[in-house]
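Please read the structure below before turning to the comments.
Chains as they are written, first to last, in our numbering: chain A, 1 to 404; chain B, 1 to 404.
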């Protein structure tokens with residue numbers, strides 16, 4: 001399945017309209033509200049943050065998705081304010097915005113999913129958002145330019161817009177799938193959040209959509225880490241308008257749809273890590289021979305969240321001992337006598353022994369923008385590719401200088 | 001109980017002798033082997049790293065402590081090489097060093113505890129260590145100067161030696177307790193380890209010593225974090241010579257002994273955090289109203305290991321939203337409506353509401369070298385004081401430039 005990146009023409013799914021505007025939440029005057037509208041009958045599924053301090057829009061979004069039985073009509077996103085740590089007043093503010101948008105679009109408030117991203121603990125300026133709604137509704141349009149504008153509208157400190165799309169044909173009909181995303185975990189503190197929206201014109205019921213989204217998220221958004229923090233607002237939403245006339249109930253559609261969805265999610269996840277704050281090296285961790293997928297993920301996270309490992313990558317340092325030390329910290333059993341480690345093509349450790357390798361060549365490889373580290377655990381058949389990046393002084397500078 | 005810091009005269013426990021030497025493991029020519037000898041009958045207890053990639057000296061130390069039934073006669077420490085990731089050859093090298101020292105001291109090899117710290121994955125230069133043993137044995141001496149030399153002998157990239165002691169009298173007899181420590185978790189990559197040795201002349205059986213050490217470690221060494229990494233070599237050892245003539249079986253001795261042990265361990269733990277790589281601010285996290293001690297510790301670690309929170313401290317930024325977001329990531333239930341947060345004297349959040357506070361005054365307070373952050377969880381009666389520090393560009397510089 002060919003996946004199109006942000007520089008390529010977009011496979012635009014039928015049935016959706018988009019817009020963005022400046023509500024004045026951000027002092028910078030950049031766009032800070034964005035709207036996506038879906039046609040009647042659209043099926044929806046979402047995955048939300050597991051953080052137990054979940055923000056008001058996440059709590060309300062979960063409730064709305066359940067109340068409308070997975071039939072959403074719109075998504076309203078604001079940046080500059082996360083509406084988190086705001087209690088009952090925050091919930092009321094999010095409800096207020098949804099109600100106002102519902103009147104404007106002529107739909108039920110419970111068919112609207114709200115998303116927020118930005119500073120935590122500051123009351124949501126609902127009046128500013130509501131004042132921007134008429135303009136947002138008037139600006140709604142279909143097509144590639146509108147979808148790209150929506151993608152830019154959800155950006156905050158992202159250096160680059162993040163977009164991926166794919167399409168396939170089935171018996172003369174074309175199914176399209178396109179997604180936009182911003183942030184990564186909590187790497188971008190101005191937004192403190194990863195938000196992702198994926199649109200398709202396939203027809204599907206909410207339950208099957210949910211199963212496909214969860215599987216795709218596990219190998220994409222849940223297989224990356226920039227700084228290990230889980231935000232209060234993380235949300236990934238998948239909307240299926242059905243306008244292509246192709247249904248996932250058709251056995252011929254399911255496999256290409258899954259391939260398109262997983263490919264788009266993986267592309268978006270990789271774009272997030274590449275845009276990680278201060279990151280200079282993309283590292284592909286291939287965890288192999290794990291006892292289970294959970295074990296592979298836990299080992300990858302132990303490595304990817306270690307400040308000592310991440311700083312060694314920043315220094316292009318083939319000091320694999322730091323990484324080895326993290327293999328014992330995953331919470332799963334670890335057997336040094338069965339494990340192996342390779343930095344790119346350089347095998348450095350196997351079966352309890354340090355191997356001779358060309359340290360200069362390894363150092364040179366690690367100066368490149370991207371490389372793979374393979375870890376064999378010798379415990380089973382599960383494997384996972386996990387994307388992460390180095391930890392640089394630039395990350396500290398960006399985050400130590402924020403807010404004051 | 002008055003605890004004496006590194007600048008004050010040491011309460012030196014009777015019965016122990018110490019020495020240190022240069023074996024040539026480190027290229028710098030600094031002392032890299034240290035020896036402590038205990039008299040016959042000394043009781044021992046230890047806590048070791050929970051990392052499942054535990055180093056050879058940890059594996060051998062556990063086995064020796066069990067084989068000698070908690071009656072150790074000596075501790076042999078080397079720096080410059082962790083003897084981790086070295087498999088069966090590493091175990092044989094550690095055994096070889098213990099056997100040679102046992103011959104030299106005339107004790108059983110199984111009564112010797114080996115400790116190593118330094119780079120991971122490089123074979124231990126056992127020949128160099130063995131060649132230094134005669135000099136180490138000849139240099140053994142009691143008293144304050146020798147204890148301080150042992151403390152310096154285990155240092156690697158520590159900026160300051162770390163030492164604490166305390167004493168108390170019971171019916172005309174004096175009990176002394178003194179400890180030295182190096183590193184902190186994995187903050188100091190040249191040693192990659194925290195090692196701590198505490199000596200007392202109280203008399204005790206190994207089982208009660210173990211119980212007291214575990215309780216003391218839980219509120220000291222297990223209540224600090226610099227970068228969240230757990231080393232392959234962490235070890236804290238407590239040796240009790242009995243030479244004071246006071247036994248812990250005496251009910252009057254137990255409480256002052258526990259107070260001395262916990263006070264010394266807390267002082268050593270605080271010295272570790274103050275010497276954290278690149279750290280400019282010591283932060284005391286007071287976690288209160290937790291449902292259990294485990295919950296309090298998990299919440300403290302969620303905060304202390306968050307790069308975003310630690311960088312906000314580096315920037316003296318009273319952006320408490322980042323800390324709030326971490327309260328939902330501890331793995332325990334979290335109720336925003338019962339929680340509260342205070343930065344020093346400034347109450348910033350309570351019961352789902354951001355509180356008005358003087359941001360300039362809070363910023364000024366956070367520019368100081370040390371302050372307290374209180375977190376109330378509203379879930380129970382458990383509380384914990386946890387010490388941690390900020391994450392600065394200096395940390396990145398130190399760790400990105402290591403090894404190559």
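Cβ atoms here follow ideal geometry from the backbone N, Cα and C, with glycine treated the same way.
Span separating the alpha-carbon of residue 96/A from that of residue 128/A | For the purposes of this step, residue 96/A is identified with residue 96 of the first chain, where counting begins at 1. For the purposes of this step, residue 128/A is identified with residue 128 of the first chain, where counting begins at 1. Those two C-alpha atoms are separated by around 12 Å.
Give the straight-line distance between the Cα atoms of residue 230/B and residue 42/B, rounded to the nearest whole angstrom.
-> Translated into positions along the second chain, residue 230/B becomes position 230. Translated into positions along the second chain, residue 42/B becomes position 42. Near 29 Å, if we compare the C-alpha coordinates of residue 42/B and residue 230/B.
For residue 107/B, which option in 86/B, 89/B, 73/B has the closest C-alpha, if you only look at C-alpha atoms?
-> Translated into the one-based positions of the second chain, residue 107/B becomes position 107. Comparing Cα-Cα distances from residue 107/B to each of 86/B, 89/B, 73/B, the minimum goes to 73/B.
Looking at the structure shown, is residue 396/A part of a helix, part of a strand, or coil, going by DSSP?
-> If you number the first chain from 1, residue 396/A lands on position 396. DSSP places residue 396/A in helix when its eight states are reduced to three.
Minimum Cβ-Cβ distance from residue 2/B to chain A less than 7 Å = If you number the second chain from 1, residue 2/B lands on position 2. It does not: the Cβ of residue 2/B has no partner Cβ on chain A nearer than 7 Å.
Could you give the distance in angstroms between the alpha-carbon of residue 4/B and the alpha-carbon of residue 122/A?
-> By 1-based counting over the second chain, the position of residue 4/B is 4. By 1-based counting over the first chain, the position of residue 122/A is 122. Those two C-alpha atoms are separated by around 45 Å.
Find the residues of chain B that neighbour residue 231/A, judging by a C-beta separation of less than 9 Å, and give them in chain order.
-> Position 231 of the first chain holds residue 231/A. 325, listed in chain order.
Using DSSP with H/G/I as helix, E/B as strand and the rest coil, what is residue 179/B?
-> As a position in the second chain, residue 179/B is number 179, starting the count at 1. It is a strand residue.
Decide yes or no for the touch test of the segment 301–313 of chain A against the segment 34–54 of chain B: beta carbon pairs closer than 8 Å, at least 3 of them.
-> no
Expressed to the nearest angstrom, what Euclidean distance is found between the alpha-carbon atoms of residue 202/A and residue 78/A?
-> Mapped onto the first chain, residue 202/A falls at position 202. Mapped onto the first chain, residue 78/A falls at position 78. One C-alpha to the other measures close to 27 Å.
Is the beta carbon of residue 53/B sitting closer than 7 Å to the one on residue 232/B?
-> Here residue 53/B corresponds to residue number 53 of the second chain, with the count starting at 1. Here residue 232/B corresponds to residue number 232 of the second chain, with the count starting at 1. A contact, by the Cβ cut-off of 7 Å.
When you check each C-beta in the segment 329–343 of chain B against every C-beta of chain A, which residues fall closer than 7 Å?
-> 329, 333, 334, 336, 337
From the beta carbon of residue 176/B, is the nearest beta carbon of chain A less than 7 Å away?
-> As a first step, residue 176/B is located in the second chain; it is residue number 176 there, counting from the start. Not one chain A Cβ lies under 7 Å of residue 176/B.
For the putative contact between residue 82/A and residue 120/A, defined by C-beta atoms under 8 Å, what is the C-beta separation to the nearest angstrom?
-> For the purposes of this step, residue 82/A is taken as residue 82 along the first chain, with counting starting at 1. For the purposes of this step, residue 120/A is taken as residue 120 along the first chain, with counting starting at 1. Yes, they are in contact, since the Cβ atoms of residue 82/A and residue 120/A sit about 5 Å apart, within 8 Å.
Interface partners of residue 60/A on chain B, CB under 7 Å | For the purposes of this step, residue 60/A is taken as the residue at position 60 of the first chain. In chain order: nothing, as chain B lies at least about 14 Å away.
Cβ-based contacts, 7 Å cut-off: residues of the segment 25–53 of chain A near chain B | 51, 52, 53
Are residue 45/B and residue 209/B close, meaning C-beta to C-beta below 7 Å?
-> Counting from one through the second chain, the residue named residue 45/B turns up at place 45. Counting from one through the second chain, the residue named residue 209/B turns up at place 209. Going by C-beta atoms, residue 45/B is nearer than 7 Å to residue 209/B.
At a CB-CB cut-off below 7 Å, which residues of chain A make contact with residue 349/B?
-> Indexing the second chain from 1 puts residue 349/B at position 349. Those within 7 Å of residue 349/B in chain A are 85, 121.
Any C-beta of chain A under 7 Å from that of residue 353/B = The residue labelled residue 353/B in the question sits at position 353 within the second chain. Yes, residue 353/B lies at the interface with chain A (some Cβ there is under 7 Å from its Cβ).
Roughly how many whole angstroms lie between the Cα atoms of residue 136/B and residue 20/B?
-> Within the second chain, numbered from 1, the residue matching residue 136/B stands at position 136. Within the second chain, numbered from 1, the residue matching residue 20/B stands at position 20. The alpha-carbon atoms of residue 136/B and residue 20/B are separated by roughly 6 Å.
Going along the segment 209–226 of chain B in order, which residues come within less than 7 Å of chain A, judged by CB to CB distance?
-> none
If you pair each beta-carbon of the segment 363–380 of chain A with each one of the segment 285–294 of chain A, do three or more pairs fall below 8 Å?
-> yes
Whole alpha helix (DSSP H) elements within the segment 278–331 of chain A, 4-residue minimum = 293–304, 307–314, 320–327
Residues, ordered as in the chain, of the segment 288–318 of chain A that lie near chain B by beta-carbon distance below 8 Å = 305, 306, 307, 308, 311, 312, 314, 315, 316, 317, 318
Around the Cβ of residue 162/A, are there at least 16 other Cβ atoms within 10 angstroms (buried) or fewer (exposed)?
-> The count along the first chain starts at 1 and reaches residue 162/A at position 162. Buried is the call here.
Close Cβ partners of residue 32/A (< 7 Å) along its chain, the five nearest in sequence each way excluded = Here residue 32/A corresponds to residue number 32 of the first chain, with the count starting at 1. Closer than 7 Å at Cβ, skipping near neighbours: 22, 23, 25, 26, 78, 79, 80.
CB residue 141/B to CB residue 264/B, shorter than 7 Å?
-> Walking along the second chain from the start, residue 141/B turns up at place 141. Walking along the second chain from the start, residue 264/B turns up at place 264. No, the Cβ-Cβ distance between residue 141/B and residue 264/B is not below 7 Å.
Please report how far the alpha carbon of residue 364/A lies from the alpha carbon of residue 149/B, in whole angstroms.
-> Translated into the one-based positions of the first chain, residue 364/A becomes position 364. Translated into the one-based positions of the second chain, residue 149/B becomes position 149. Roughly 42 Å between the two C-alpha positions.
Who are the neighbours of residue 392/B on chain D, taking C-beta pairs under 7 Å?
-> No chain D appears in the structure shown, which is made up of the protein chains A and B.
Pick helix, strand or coil for residue 58/B, following the three-state DSSP scheme.
-> If you number the second chain from 1, residue 58/B lands on position 58. Residue 58/B: helix per DSSP, three-state reduction.
Take every Cβ of the segment 212–226 of chain A, pair it with every Cβ of the segment 167–176 of chain A, and state whether three or more of those distances are shorter than 8 Å.
-> no
Starting from residue 104/A, trace the beta strand (DSSP E) both ways and give me its first and last residue.
-> Along the first chain, one-based indexing puts residue 104/A at 104. It is not in any beta strand (DSSP E) - residue 104/A instead sits in the alpha helix (DSSP H) that spans 87–105.
With a cut-off of 7 Å, does the C-beta of residue 400/A fall near any C-beta of chain B?
-> By one-based count along the first chain, residue 400/A stands at place 400. For residue 400/A, the answer is yes, since a Cβ of chain B falls inside 7 Å of its Cβ.
Continuous alpha helix (DSSP H) stretch holding residue 129/A: start and end = Here residue 129/A is taken as the residue at index 129 of the first chain, counted from 1. 126–138 is the span of the alpha helix (DSSP H), which, as asked, contains residue 129/A.
Is residue 376/B close to chain A, meaning its C-beta is less than 7 Å from at least one C-beta of that chain?
-> The sequence position of residue 376/B within the second chain is 376, counting from 1. Closer than 7 Å: no.
For chain B, is any of its Cβ atoms less than 7 Å away from the one on residue 321/A?
-> One-based indexing of the first chain puts residue 321/A at position 321. Yes, because at least one Cβ of chain B sits closer than 7 Å to the Cβ of residue 321/A.
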